[in-house]
Amino acid sequence: MTGKVCVFGSFNFDMVARVDRFPVPGESLVATGSMTSAGGKGANQARRR
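With this note's numbering as the guide, the letters of the sequence shown map in order to residues 2 to 50.
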């Protein structure tokens, strides 16, 4: 069965950075890697279909 589905909800852009350790307060670290993906309640629900 084929049909149209409309999903209402938020769409966010997730960005995750990988670091060697947690920074201490006030410290900045250089990321060793990163990943981006779509997120949010609406986007997550739409991907399940």
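Here a beta-carbon is modelled for each residue, glycine too, at the ideal position from N, C-alpha and C.
Backbone CA spacing between residue i and residue j [nearest angstrom]
i   : j   : result
S35 : R22 : 14 Å
T33 : V17 : 11 Å
A86 : L30 : The question about residue 86 has no answer, for the chain in this structure spans 2 to 50.
D15 : P24 : 20 Å
T3  : E28 : 53 Å
R19 : F12 : 23 Å
K5  : A39 : 21 Å
N45 : C7  : 13 Å
Collapsed DSSP secondary structure at residue i in the structure displayed
i   : result
A47 : helix
Those residues which DSSP pairs with residue i across a bridge
i   : result
A39 : F14
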